[in-house]
Structures are given as C-alpha cells and as structure tokens.
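In this note's numbering, the protein residues as written are 2 to 203. Even glycine gets a Cβ: it sits at the ideal position worked out from N, Cα and C. Bear in mind the structure is a predicted one, so any value in this text is a computation, not a measurement.
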Amino acid sequence: MTDQPTLDTITPAEFTGLQLKAARMEHAVAEYAKLRVQLEDAERERDEHKESYLKACTTIAAMHEAAVGEVRGPNRGVVEDVEDVRLRAEQAEAAIARVHALADRWGNALGIDKTYARTLRATLDEPSPAATEATELEKTTRVFAALHQSAEQDVSRVIALYEQWVKAGPPPLGTSINRWWDSRLAELHAALLNPTKGTDHA
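Structure follows, in structure tokens:
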C-alpha cells in the first residue's frame, strides 16, 4: 500500500496540485451556495405570481357568477379556463421542484471537476419577466397564465439540456475545460433565448 505524502516527502508539483484541487473545491462549494439562494428567490417569485393570479381568478369567477348565475369560471374564449390554468401552475411548480432536487444532487456530488451547478446558477440569474399591472381583469388573467406557461417551458428546456449533458458524459481527458464550458454555456444560451430551436437541434 502506497504511503500518503507528508510535508517532508511531498514534491512541489504535488503540493501545487493539492492547492489547485482545494481552490476548485472551495469555488464549487461557493457556487453551490449561490445556486441555492437563487433557487429560493425563484420559488418566492413563483409564489408571488401564483398568489396574484389566484386572486384575479377568484375575482373573475365571482363577477361571472354575479352576471350569469353560474358558479364555474368564465367560458373559453373569454378568459382561459380557471382549472386549466391551475393545472399549468401545478406543472410549473413540479418542474421547479425537479430543478431543486437536481441542485441537491449536484451539491451532494460536488467534486473537483463537477461544476454543473455553475450553469444552472447562470440560468437562474436571468430575471423572470414581471407582469405589468393590467387595467382589465381579463388581461391580468391572461398575463399570469402566460407567465406560468413560460416558466414551465424554460425549466423544461434546462432539464432537457441537463439530461443531454449527462448522456454525453464528462469532457474527455485532455479537453480544454474553458472551451468545453464555452460550448455548454452557448447551448444553454440558445435554449433560453431561442426556444423555437429546442434542445433537439443542439
């Protein structure tokens, strides 16, 4: 069994290597901590959108009931059906939960060369579009429905891109880490800013 190096036996090259490994690990832990903060911010923003949307839906349903004597929400073609939009909100929440679980997995598996968390953190750095104050309740409902749908699509594209990276595996030995990450970030940028292309064309 090979003895562990000591301060008396370690070579300068080995000592430099250990310093680099320690620095990378420290950086990875810091990046993961930032990622968790960004996830918490995203969840708070999601809850704020959901609360505002549900209030608008409740008001619209009450107005509809007062006008036509029906308890159900407005008909299609007037405002998006309340139940359908509620399901969209739940799906968006489930997608965010999957990303949260993914972040936990990355955090538990953080190593010297596992910097995937940096990519997801960069994704969450993009501010979510804020809904402007609507002058009509119908417009308000449509705005929040679009926000939920857009958030779900964004998260789904990020998850699909992550799965594509997992299948591809880590960069081969000898590959420039900087160039490898440039390619990954370019793919992420395309997935977020060019949603019509999709990850299948990456």
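- In this structure, the straight-line span from the alpha carbon of alanine 57 to that of histidine 50 is close to 11 angstroms.
- Of the other Cβ atoms in all chains shown, fewer than 16 fall within 10 Å of the Cβ of glutamate 27; this residue is therefore exposed.
- Between proline 172 and tryptophan 181, the gap from beta carbon to beta carbon is short of 7 angstroms.
- Its Cα nearest to that of glutamine 165, the residue Arg185 stands out among Ala34, Arg185, Ile11.
- If you compare the alpha carbons of Leu162, Ala169, Gly175, Ser177 with that of leucine 189, the shortest gap goes to Leu162.
- Straight-line measurement puts the Cα of alanine 24 at about 53 angstroms from the Cα of threonine 59.
- Separation of aspartate 48 and tyrosine 54 (C-alpha to C-alpha, rounded to the nearest whole angstrom) is 10 angstroms.
- In the structure shown, the three-state DSSP call for proline 13 is helix.
- In terms of CA proximity to leucine 40, Val156 leads the group Ala187, Ser177, Val156.
- Threonine 176 carries a coil assignment under DSSP once its states are collapsed to helix, strand and coil.
- By the 16-neighbour rule on beta-carbons within 10 angstroms, glutamate 32 is buried.
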